[in-house]
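Chains as they are written, first to last, in this note's numbering: chain A, 20 to 121; chain B, 28 to 598; chain C, 38 to 727; chain D, 471 to 642; chain E, 55 to 543.
We treat Cβ as the ideally placed atom computed from N, Cα and C, and that holds for glycine.
Since we're looking at a predicted model, the values are computed, not measured.
Working notes for the structure below.
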Amino acid sequence: MNMVAVNHYLVLSAMLFAIGAAGVFVRRNLITILLSIEIMLNAVNLTFVAFGRALGSVDGQIIVFFVMTVAAAEAAVGLAIVITLFRHKESLNPDSFTSLKW
Amino acid sequence: MTFPILSSLIGLPVLGAVLLLFVRGVDEEQTARAARQIALIVSVLVFGETLLLWSRFNPASADFQFVERYAWIPAFGISYAVGVDGISLFLLALTGFLTPIALLSSWESVHTRTKAFCIFVLLLESAMMGVFVSLDLFLFYVFWDAMLVPMYFLIGIWGYERRLYAAIKFMLYTMAGSVLMLLAILGLAILHYTTTGSYSFDLLKLYALTVPRPMQFWFFLAFALAFAIKVPLFPFHTWLPDAHVEAPTAGSVILAGVLLKMGTYGLVRFAFPLFPLAAEFFSPALALLAVAGIIYGALVAMVQPDLKKLVAYSSVSHLGFVVLGITAMNMQGVQGAVYQMLNHGVSTGGLFLIVGMLSDRRHTRLISEFGGLKKVMPHLVAAFLLVTLSSIGLPGLNGFVGEFLILLGAFRWDPRMAAFAATGVILSATYMLWMFQRVNYGTVDNEKNSMLPDLRPREWVVIVPIIATAILMGVLPNLFLRPIEPSVERLLNQIHQSSTTRILARATEPSALRPQPSPIHQPPATSAVGRVLPPSQNASADRRGLGGGGLDPADRRVRKDPPYSSSGVAR
Amino acid sequence: MLLLIPVLPLLGFLINASFGRRISKSAAGAVACAAMVASFAVSALEVWQLVSLTEESRAIVNHAFTWIASGDLIVGLTLRLDPLSAVMILVVTGIGSLIHLYSTAYMHEEPEAEYARYFSYLNLFAAFMLVLVLGSNFLVMFVGWEGVGLCSYLLIGFWYQKKSASDAGKKAFIVNRIGDFGFILGVLLAFVRFGSVDFQEIARSAATLSPETTFGTVSLITLLLFVGATGKSAQIPLFVWLPDAMEGPTPVSALIHAATMVTAGVYMIGRNAVLFSHAPQTLAIVAVIGAATALMAGTIGLVQNDIKRVLAYSTVSQLGYMFLAMGVGAYGAGIFHLYTHAFFKALLFLGSGALIHALHGEQDLRHMGGLKKNLPITYWTFLIGALAIAGVPGLAGFFSKDEILSSTYFSGHRLLWAVGLLTALLTAIYMFRLVLLAFWGPSPSASAAQGASAAQGASVVQGDHVPEHPAPEHAALQHPAPHQAPQHLAPSTRLHDAPPAMALVLIVLAAGSVLAGYAGLGGRFEHFLEPSFTAQVIGSVRLPPSPEASASANASARQIDGGTETLLTVTASVTAILGILIAIAYFLKNRGAADALAEKFAGLHRVLLNKYYVDEVYEATVVEPIHIVSRDGLWRAIDARVLDGAVNGVGETVGGLSELLRHVQTGSVRAYAGSLFFGAVMILGYYLWK
Amino acid sequence: MTLFYVFAAVAVGTSLLVIAQRNPVYSVLLLIASFGALSGLYVLLDAPFVAVIQIIVYAGAIMVLFLFVVMLLNAPHEDTEDDLRVHPLLRPGPMRFGAVLAVAFAVELVWALTKAGESGAFPGGAVSSVAAIGRSLFTDYAFPFEVTSVLILVAMVGAVVLARRSGAGTSE
Amino acid sequence: MNAGALNAVVPMACVTAAGIAAMLAEAFREPGERMPIAGLGAVGLVGAALAAVLLWNHNASSFGLVTADNFGLFVTMILVIVGVLSVAISGPTVERERLPAGEYYALLLFALAGMMLMATATDLLVMFLALEVLSLAVYVLTGLRRDSPVASEAAFKYFLLGAFSSAFFLYGIAFTYGVTGSTHLDRVGSLIAAQAMAPTAMQRLAAGLLLVGFGFKVSAVPFHMWTPDAYEGAPPPVTGFMSTGVKAAAFAAFVRVFLSAFEPMRADWGAILWVVAAATMVLGTVVGVVQSSVKRMLAYSSIAHGGYLLVALLAANDLGKGAVLFYLLAYAVTNLGAFGVIGLLESSARQSPATSHQPPQNDQVRDYAGLGHTHPVLAGLMTVFLLSLGGFPPMAGFIAKWYVFSAAMKAGDSGLAIIGVLTSVVSVFFYLRLVVMMYMTEGERPATFPAVPRIAGFALVVSAILVFYLGILPARVLDWAAASISTIF
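What follows is the structure in structure tokens.
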């Protein structure tokens, strides 16, 4: 019934992963960068599910469940850090935080 | 269980240093005084122990004596193995001898952080002792590296103006050389593992190892680099003038007197016997560098305006002799080299002491600042003269015996090397006497020099032992040479046997075994290319001190095997 | 017992060196003299013993202890007395004692500490010299060899506050070291070749060889040894130090730089006669160098104005004679001349010392004259010395010179003989120029002030005869007004002849200069020495001397042709007398002629006055270049720039790289992520490409 | 089949728009759309449970959190005037470099994945019942499940500690 | 499931429990009441240590996901030491910076639990979760000085890059799962071994992406760039903690994954790691040379030390694995000591807005001038730690480096060994710069350093003693290290 091969899903997830990775670079907004990382995690989730389906096991789906937990935790901590950061400089531009260098 | 005398040589200074940590007087001054006295007592005790060691040393035996061996890191075959043979015996005594003198020499000139100073000197002594008694390569390396730290502090804290530069240069330069040696040591241990199934850093076991030829070359280079920097062999010497000049007197004395010997000692103890084939291959190049160093050091010393620098460059020149003797790899060469190590320790140590006395008085080391000192300080100048003469190798004083033996050894190997090296005899007289003249003769032109005090009692105590030793070693060299000889003999046997057997094993054509008379005035080629693979016994026979070049073969009588080539101590 | 001979002076040295400052001058002098005299006594005793031995076993060996033993090199501190060293120790201790005695008076104006120092050095010298001649092997000899060099250095630079003196001392030492360079190499080669450094063993080994027809190992050994001899005995090309050595006190010049130390080279060749006999090529070189040195030094001596320098060049010249003798194989003749020369040259130097002493430091001949009346003892003894050295028949120099010349002639080196003869002529001329200028003619006291200023002027122009300042002058140096020296020449100053100690010595030496030559009558001297020039006895078995060696050794003894022999003797005598006459003609009768001659050959005169510019040439070709290359080339360029630059360069490179790389760390988190991502892309790229 | 492409196109398109947006609010909303498309894909992959929690947890909870923070911070639009002050390496050039890297990365992955010629088709029996997942989660994966509790605890503590108002969090 | 099945997780359970207890203690604390919260942590850590000792040689396994083999237990012990020392040296900083003590210690303990889990996990998923636990905790610890913009920036950078790299790591797990159908290292290993001859592209992707993830955690070049910034911004005890603890956990997992599961593919990743290791050593030391901030300098030094560990890992022989363990231990003791000294010296960094861009005081190398006079003991301890880091005998650092280079030599990789020894010479330069400052330079101003609290001082002395112990009598520890690797590889 489903004629789409695993590879298609994998390619799709690869593209999503790359888009997420690119997002870290092209945007100068901390929130968007965090979102990009969420895209990357989702791309990985897709891979897991696709592999799980291909392997005929539930492990893939369960791993996705854990990944989502991790993503949530990361988001929580990340956003908290963004908030503290914002309090110091009223800016969400990552490039305005460069006092640590060299 | 007998008293572990060698361990106590290492341990006693450390104990002294630890004791010093807890010395605390009412005020700075009292602390300093107590620290000095304790350190002096400890170092004198250590010296006494070295003398005891000497008296109990069996001079007829070639083997390591007073050996102590405890497993340290058994999984890697690392043991705490110490022992002493004729080669190291006197280096220990020298270390023990110079340390109290160095301490005394700084009795008044070091007035800041005296306690720390004493601690570092004692730690340094311990490490130096360790280097000379180690029979385990790992242990050796530990002491070798550990010794850098106290020396670094001695230069860096109590040195002169550019002390930081000098200290760091000393440290990094020496380290850079020695780390590669560490790798070579590791390589040896691993080779031992692959051939026997167990790791070992034990020198005697590694001696017995057959190291493949290419490996020998790399390992030898690594060892030789480390030692060449330490010696220092031209052109690796540039750390030395800086370190010498900037170090406090005690530092210079120990640096020149003992530390430099570690390089040459390393060559004799490790680099050559461990890698005989490579040693054979590289020794002409080393000798060339040594000879270059003899001449170069002397020439550069000649034009130095700074007394300490002059002495430092003279060290380059003198140590060149030592290396030359070692590369000759025959009895006189090596024995002379060992002897010259001691001489240099005494003479150059003495020179640094004298220079230290002058700079303590005048706070300058520039030759041009002095002049006419003989009028002002006749005793000091007399001492200066004797030390100078000892340094330039006047017969009857210590320097001559070593230099002559080295030249003889080198001459038997390659007369041309000896001829060039002998020019050092001329040059050393030139620069030393010129310096001596400018400092001590003439009229007192500089007002500041006119009221300088002559030798103080403490300085008498410092300089008299040096001079007495110089004379003793010049008049009764056999006292020292006799215990050295069996060990050198064993060493030479080891090197030549292993290289000869391997050469024989490799040489398949019978022609290679036929001894070929060397043509008159045509010594065996000494260029690296020419001596790549000495194909015949002839070449190795030459190395055994049978007199290579310049001789017609008619007179077989004197070319019969010298005693040390026929029967050796079975290992 | 033999050991006592050098040890006694050594004891003297130790006493004076340790306590010299605390004892009186007379005590110090007494100690030194006593040590020497005792040594002389022991020497005499030992020699007496030696002579009483049979001719075959005439050697006394005293092995003290094994000095150096390393493998097959075993060197004992062994002293050996044989005829050759017997002659030498007698000369050294005998003349040495006399000069010690002389010095007690000569150096009397020195302060106590300096006085003791002087005598301690002198004693030390004697000790080393005795070690040199008694040493039975090269190394022990070398101890003495270098030791006397050291003492020479110390004594030349005795007045260390004077730069010229300390310069001269240093120069002497360094030039000697150049010779030692050859000497050591020679010893090394000898050891490698013969397996020993012992003279006897080497001689025995060498005796079995046939002389080298081509330049072989033995030739090389001997040549290298000879290089050492040229240094010690001031031969071409290493003679330059000896004239400068006159900076030392005059007795030192007499002892070290005339009678004993400088002859060490000759002695060394004599000691190794067997070896040298096997190297005819080297012998030829020795002879040529000797003759050339003799001639050259004679020509220079002709025009020098400093009395001590004339004597110094004369010494060089006479040493050349000795080498000529050695070179033609007439070892006995050479040693004979050494022995006679010791007397008359010591006499001449001490005489000149008395002269200088009397004149309070004046050494310039041009400011002397007419002194024979004021200084009769000095004059007469000096005259005897001059006659002796000139080779006037009946005096010591005649016998030995005649031996040398005839040996040279008979050895077939006719040209060398001619040169020798010419040198003899020159010797007579310059010696009598000296005598005449100093003791005859008008006294310059009337124009002393002018003379002083002229001396200054001359020194500026010629730079070679700066008035030297021996003892009295030196004493003045230590007082506030050092530069008033010329005033001592004021006419009011009383001239007084040598004090008794000095006079006595002069007289003894004068007697010696007359009589010493008779020891050689009938070849007795050579015959006595002969065993030393052949491979020696071991026990009672005597190796046959190699025919060539004995042939050359006996060359002079054998009466090849009695007529020719006589003719040669006559020629030599005539030459000596001719020389004296020429000197009288030019320097007594017609001084203007001499000056005119100098004018006429102004160029030559200048060259001679400046000693062929040898010092200048050495300075320009060796000393300066080495100095410049060392300072600007090796030290400042190679050491500081290249080698140290490379070392520091490594550090700087690391530092620079560090500075460069740290700026990659921009602080921007996106750049950091970029780095991470880049790493990921590269890793995957590598993986997939692979 | 078609659905796959539709969902895929939506996912890629919205994701691209997420990173193309200057306004973070739009980005968040677009990302929710993207997650919806993913959820559809999960359904296609016989993973309805994941599809549901994707909507509930991800889109519903996490994204709302984001939105909340955006609102809280009154997130400004990306400011461009900062560009002038920053280091040359941070100018658009490096940004493009990042994009290029991303493209390269995608190309590498896609090349590797397509080259790997593994069986394209999915095997038959899909195990996707919630019961199976639940059973597995609380037996085989019980321990990881417990670990996540610590994880969440840490995140909670961390978020609280960090985001607390200044001065309130001191030990006093 | 019997009770024994839980054995393997007991150490981390102890630590977690301690963390929770610390949190609760803080929550129920009356304002102003002093409470030994750090002591609670210490108790938990001691419990973990006891558990580890009891589990030694038992090879206990829980859930099939966590295996308390000797390897893991050795790392656990290292982590316990790291934990104890970190707790001990944290006191002054926590007090001075007025950090929330309960949360601070709780997070520290949670991070430790995560690290222990990471070291003992035999399943990639668990490993990932553990990684996240420790990472999140450390991110927060880094940014705990909320009023310091520098700390927030550091936390943010660390977090962002960490999350970014986690994605790569996770993606790697995904491919591993896809290739092998499991996240269990055993099964992954056996499947990869079956295809070792011709690894598929996906296998390679998996290995490569995992390398990126680990590379980040061990701060290998070019994944290192967060390190200096995060280390500089974090409070010194935290820096010490993460430079040692995180590194230990990450390397343990790294070794476990790459030397067991992915071992068959070593030919592939070996070459990559070679370059990475070389670059890491070189860059870490070279850039360290010009640093003027002490913490930053030690951060670069930490990068370099990561490089040496990579060398050991790359050698992949018995020596290499043992070397990793020993090195981690030696480095942990030494570096924590150094950061302890720094923490004691760093004066309050509370800044007014005007000075908010200034780095913390007493962090510059020149601030240490004259320390040898004013605080001889602290300076002496610091010297010991620095010399150990530089690899001088007879200190732990020397033995550690020696072990690493033996491994490399045994593996025939003299190239890396040469780079390693040469860079360690260069590194000596910058360690010595600090020594020069302390002893050979006079301070411009009278250095005012706070007094040393007893516990922290004691911890430093203990560290120094350990440094010497490991340097002089390493045999026993070396044997343990060797024994612990033999159980799993």
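> For D:Leu-607, which three-state DSSP category applies?
Replying inline: Looking at D:Leu-607 - three-state DSSP - the assignment turns out to be helix.
> Across which residues does DSSP place B:Asp-333 in a beta bridge pair?
Replying inline: BP columns for B:Asp-333 point to B:Leu-393.
> Which value, in whole angstroms, describes the spacing of the CA atoms of B:Tyr-192 and C:Val-684?
Replying inline: Cα to Cα, B:Tyr-192 sits roughly 12 Å from C:Val-684.
> For E:His-280, which residues in chain C fall below 7 Å Cβ to Cβ?
Replying inline: Per the sequence shown, the amino acid found at residue 280 of chain E is Trp instead of His. Tyr-709, listed in chain order.
>> Determine, for C:Gly-686, whether the minimum Cβ-Cβ distance to residues of chain B falls below 8 Å.
In response: Output row for C:Gly-686: interface = no.
> How about A:His-107: is its C-beta nearer than 8 Å to some C-beta of chain E?
Replying inline: Yes, A:His-107 lies at the interface with chain E (some Cβ there is under 8 Å from its Cβ).
> Taking Cβ positions, are C:Ile-614 and C:Thr-418 nearer each other than 8 Å?
Replying inline: Note that the C-beta distance between C:Ile-614 and C:Thr-418 is not below 8 Å.
> Interface residues of chain E around D:Pro-494 at Cβ under 7 Å?
Replying inline: Taking a Cβ-Cβ threshold of 7 Å, none of the residues of chain E is close to D:Pro-494; the smallest such distance is about 15 Å.
>> How far does the alpha helix (DSSP H) with C:Gly-113 in it extend, from its first residue to its last?
In response: C:Gly-113 -> not in any alpha helix (DSSP H); beta strand (DSSP E) instead, spanning 110-118.
>> Using the Cβ count rule (16 or more neighbours within 10 Å means buried), how would you classify C:Trp-726?
In response: Around the Cβ of C:Trp-726, a 10 Å sphere holds fewer than 16 other Cβ atoms; the residue is exposed.
> To the nearest whole angstrom, what separates the beta carbons of E:Leu-440 and E:Val-506, a pair I think is in contact under 8 Å?
Replying inline: Rounded to whole angstroms, the Cβ separation of E:Leu-440 and E:Val-506 is 18 Å, and the two are not in contact under 8 Å.
> If you scan the stretch 201-267 of chain E from start to end, which runs of the beta strand (DSSP E) of 3 or more residues do you find wholly inside it?
Replying inline: As far as the stretch 201-267 of chain E is concerned, it has no whole beta strand (DSSP E) run of at least 3 residues.
>> Can you check whether the C-beta of E:Val-490 is within less than 8 Å of a C-beta belonging to chain B?
In response: Closer than 8 Å to some Cβ of chain B, the Cβ of E:Val-490 qualifies, so yes.
> Which residues of chain C have a Cβ atom closer than 7 Å to the Cβ of D:Ala-582, listed in chain order?
Replying inline: Correct list: Leu-725.
>> Less than 8 Å between C-beta atoms, sequence neighbours within five positions excluded: which residues of the same chain meet that for C:Val-84?
In response: Closer than 8 Å at the Cβ level, and outside the excluded window around C:Val-84, lie Leu-118, Ala-123, Ile-126, Leu-127.
> Counting Cβ pairs, one atom from each stretch, are 3 or more of them under 8 Å apart for the stretch 226-234 of chain C and the stretch 190-199 of chain C?
Replying inline: Touching, no.
> Quick one: is B:Gln-57 buried, meaning 16 or more other Cβ sit within 10 Å of its Cβ, or exposed?
Replying inline: With a 10 Å radius around the Cβ and a threshold of 16 neighbouring Cβ atoms, B:Gln-57 comes out exposed.
> For E:Pro-203 and chain A, any beta-carbon pair shorter than 8 Å?
Replying inline: For E:Pro-203, the nearest beta carbon of chain A is closer than 8 Å to its own beta carbon.
> Comparing the C-beta of A:Phe-116 with each C-beta of chain D, is any distance below 8 Å?
Replying inline: Taking Cβ atoms only, chain D never reaches closer than 8 Å to A:Phe-116, which makes this a no.
> What does A:Val-43 touch in chain E if you count any residue whose Cβ is under 9 Å from its own?
Replying inline: One finds Leu-214, Phe-218 in chain E with Cβ atoms closer than 9 Å to the Cβ of A:Val-43, taken in chain order.
>> Which residue wins for smallest C-alpha separation from E:Lys-301, given the options E:Leu-185, E:Ala-105, E:Asp-240?
In response: Answer by Cα proximity: E:Leu-185.
> What distance in whole Å lies between the Cβ atoms of C:Leu-262 and C:Asn-309, which are believed to be in contact at a cut-off of 8 Å?
Replying inline: Their Cβ separation, rounded to whole angstroms, is 7 Å, which keeps C:Asn-309 and C:Leu-262 in contact under 8 Å.
>> Threshold first: 4 residues or longer. Then list the alpha helix (DSSP H) segments lying entirely within the stretch 653-699 of chain C, N to C.
In response: 661-665, 681-699, all fully within the stretch 653-699 of chain C.
>> Tell me which residue opens and which closes the alpha helix (DSSP H) that C:Arg-95 is part of.
In response: Bounds of any alpha helix (DSSP H) do not take in C:Arg-95, whose DSSP letter is neither H nor E.
> Is D:Pro-558 close to chain A, meaning its C-beta is less than 8 Å from at least one C-beta of that chain?
Replying inline: With a pLDDT of only 49 at D:Pro-558, under the threshold of 50, the placement of this residue in the model should not be trusted; the figure read from the coordinates follows. Cβ-Cβ to chain A under 8 Å: no for D:Pro-558.
>> Alpha carbons only, please: which of B:Arg-443, B:Leu-326, B:Pro-484 is nearest the one belonging to C:Gly-219?
In response: Minimum Cα distance to C:Gly-219 is reached at B:Arg-443.
> Relative to the C-alpha of C:Leu-546, which residue among C:Gly-133, C:Gly-113, C:Asn-647 is closest?
Replying inline: Closest in C-alpha terms to C:Leu-546, from the list C:Gly-133, C:Gly-113, C:Asn-647, comes C:Gly-133.
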